[in-house]
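Chains as they are written, first to last, in the numbering used here: chain A, 2 to 162; chain B, 1336 to 1596. Built from N, CA and C at the ideal position, the CB exists for glycine as well.
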Amino acid sequence: MDISLTVNGHKVTAEVEGRKLLVSLLREQLKLTGTHQGCDTSQCGACMVHVDGLAVKSCAMLAVEADGAEITTIEGIAAPDGSLSPVQAAFQEYHGLQCGFCTPGMVMAATALLAENPKPTEAEVRDYLEGNICRCTGYHNIVKSIMAASGQSVAPVAAAE
Amino acid sequence: MYEFDVIRPATISEAVEALADEDAQALGGGQTLIPTLKARLASPSALVSLSKVAEMIGICYDDQGRLCIGAATTHAAVARDTSYPALSAMAAHIGDPAVRNRGTIGGSLANNDPAACYPAGVLASNATITTNKREIAADDFFQGLFETALEEGEIVTEVKFTIPQAANYQKFIQPASRFALVGVFVAKFADGVRVAVTGASEEGVHRWTAAEEALSSEFTPEAIADLTVLSDTLISDAHAIADYRSHLVKVMTGRAVKAAG
């Protein structure tokens, strides 16, 4: 099937099988390997992208369903001159990552959260990250990063409920 | 995944036509079906995606004042709606934000997972499930684990709710899957209270009629204090034995009644 979509502001056309996942289209055909494929069972959120502005797990969506959609991947988050977005800069500043595998999904989730809720509480941040799994950080620095990116105080960050 | 075609109809009638092929299957948001296909637990020849069927998306009221939710409406859209706060609060805690941006009410009902939230909300609310062929009362729709009254090729198109006087949903999550280990939706109407339980039973979502009778005469958590949920049909697994689920049904019902006020 032929599909056409917009990826990070660029018009793209692609021929895909019905069973092709959006994550496979992005990584294998469009070579946008910043979107990571972690669990492949739609648990971990490493593959999160924005579809028409909404956070979606790209391993749980068929590529053909993205026909006509506007997709943003982690490659589309920084400004065209390469300067980091507020979320990316905060992840760097507050050590919101260790191995970095989950980070593309975390940044996409955080960016979606702040678009709909610019000043979330810490509890709202943790709640929003329910579908993003990190096995390194224990989440504290990720939460700090997102609070900082929203322009709010980052300390103290309490333990999870 | 096995190979399959994807058809993206724009209308209900086109979708029904595409589903006439017995090996075709309807695709809602795919948050259950796509993982199922990856596990090769199903091998449809074609998926008929309902995501472009505009007449199945959105929330409105009908001429009888009932809240009508299109079957292809996402959990996130229901969560944002303010018409039926208890139902919206329930939708706001299904899965995670990304799942809620894709998953749909119709997909959840047609799948009838025994631990899903929507079947409890729909059954307790005494909602009406509209398909391309007929209207089905919630009491007749749910027929056991992953079983519904839907016939081959029949699709849920809309769900209609009479909004209760008071309602609340309480979910005790299974910590790994985040599905309901036990979830209880309580809805109080002028002519009585309905209580629907998900996650607990080997027979899927069901009503707790003893609690309904007690709560219909007195809508307080104390009204069910002397009741016991029989554990002989409840699920016993690594996450909770039947007796624990029995206990949780009562506790969650009490909490829902208290929260509903």
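Rounded to the nearest angstrom, what separates residue i and residue j at their Cα positions?
i	j	result
L1362 (chain B)	D1561 (chain B)	44 Å
R1437 (chain B)	T1409 (chain B)	6 Å
Y1337 (chain B)	F1554 (chain B)	52 Å
L1480 (chain B)	S1536 (chain B)	9 Å
D1526 (chain B)	E1547 (chain B)	11 Å
S1571 (chain B)	C1452 (chain B)	19 Å
G1430 (chain B)	E131 (chain A)	8 Å
A1350 (chain B)	A1484 (chain B)	19 Å
D1398 (chain B)	A1412 (chain B)	22 Å
R28 (chain A)	T34 (chain A)	5 Å
E162 (chain A)	Q1509 (chain B)	Bear in mind that the predicted position of E162 (chain A) carries a pLDDT of just 48, short of 50, making it unreliable; the figure below should be weighed with that in mind. Straight-line Cα distance between these residues: approximately 16 Å.
C1403 (chain B)	L1569 (chain B)	32 Å
A1501 (chain B)	I1369 (chain B)	36 Å
K145 (chain A)	L98 (chain A)	11 Å
H1574 (chain B)	S43 (chain A)	21 Å
Y1419 (chain B)	P1454 (chain B)	16 Å
I1471 (chain B)	G1405 (chain B)	15 Å
T112 (chain A)	G19 (chain A)	30 Å
L23 (chain A)	P1556 (chain B)	48 Å
Can you list, in chain order, the residues of its chain whose CB lies under 7 Å from that of residue i, leaving out five sequence neighbours each side?
i	result
V17 (chain A)	M2, I4, L26, A64, V65
D1578 (chain B)	S1566
D53 (chain A)	A70, E71
F102 (chain A)	H37, G39, A47
Which residues in chain A sit within 8 Å of residue i, going by Cβ to Cβ distance?
i	result
P1370 (chain B)	T42, S43, A61
K1373 (chain B)	D41, T42
S1386 (chain B)	E66
Q1366 (chain B)	S43, A61
L1382 (chain B)	G19, L63
Can you list the residues of chain B that residue i reaches, using a CB-CB cut of under 7 Å?
i	result
K58 (chain A)	A1433
So, at 8 Å on beta carbons, what are the nonlocal neighbours of residue i in its own chain, with the 5 sequence-adjacent residues on each side left out?
i	result
R1381 (chain B)	Checking the sequence, you will find Ala at residue 1381 (chain B) rather than Arg. Cβ within range, chain order: F1339, D1340, V1341, I1342, A1353, D1356, D1358, A1359, Q1360.
T1371 (chain B)	A1377
K1473 (chain B)	This sequence places Ala at residue 1473 (chain B); Lys is not what is there. So the qualifying residues of the chain are V1457, L1458, S1460, N1461, A1462, T1463, I1464.
Could you work out which residue in the options is closest to residue i when comparing CA atoms only?
i	options	result
V1586 (chain B)	B:V1383, B:R1529, B:T1563	B:T1563
G1488 (chain B)	B:P1379, B:K1373, B:T1371	B:P1379
T36 (chain A)	A:C48, A:G19, A:T138	A:C48
Q1505 (chain B)	B:T1492, B:V1592, B:A1414	B:V1592
A1545 (chain B)	B:T1439, B:S1443, B:V1521	B:V1521
K120 (chain A)	A:A110, A:C100, A:G152, A:N133	A:G152
V1434 (chain B)	A:A110, A:K21, A:L115	A:A110
G77 (chain A)	A:A91, A:V126, A:T122, A:G106	A:G106
Spatial neighbours of residue i within its chain, please: CB distance less than 6 Å, with the 5 preceding and 5 following residues excluded, ordered by chain position.
i	result
T1497 (chain B)	R1401
V1584 (chain B)	V1517, V1532, A1535, V1564
L1550 (chain B)	V1528, A1558
A1426 (chain B)	H1410, V1413, A1414
V1519 (chain B)	Q1505, V1532, M1587, T1588, A1591
In chain B, which residues lie with their C-beta within 8 Å of the C-beta of residue i?
i	result
G132 (chain A)	G1430, D1431, P1432, A1433, V1434
G101 (chain A)	Those do not exist, as G101 (chain A) stays about 20 Å from chain B at its closest Cβ, beyond 8 Å.
G46 (chain A)	D1431, A1433
So residue i is in the beta strand (DSSP E); what residue range does that whole segment cover?
i	result
F1496 (chain B)	1491 to 1496
L1516 (chain B)	1515 to 1524
V1532 (chain B)	1527 to 1533
I147 (chain A)	Segment 141 to 150 is the alpha helix (DSSP H) holding I147 (chain A); no beta strand (DSSP E) there.
Can you name the residues of chain A whose CB is closer than 9 Å to the CB of residue i?
i	result
E1338 (chain B)	E18, G19, R20
In chain B, what lies closer than 9 Å to residue i by C-beta?
i	result
Y129 (chain A)	D1431, P1432
L33 (chain A)	Under the 9 Å cutoff, chain B gives no residues; its nearest Cβ is about 18 Å from L33 (chain A).
Which residue marks the beginning of the alpha helix (DSSP H) containing residue i, and which one marks its end?
i	result
E117 (chain A)	104 to 117
I1369 (chain B)	1368 to 1373
D1340 (chain B)	No alpha helix (DSSP H) holds D1340 (chain B); the beta strand (DSSP E) holding it covers 1340 to 1342.
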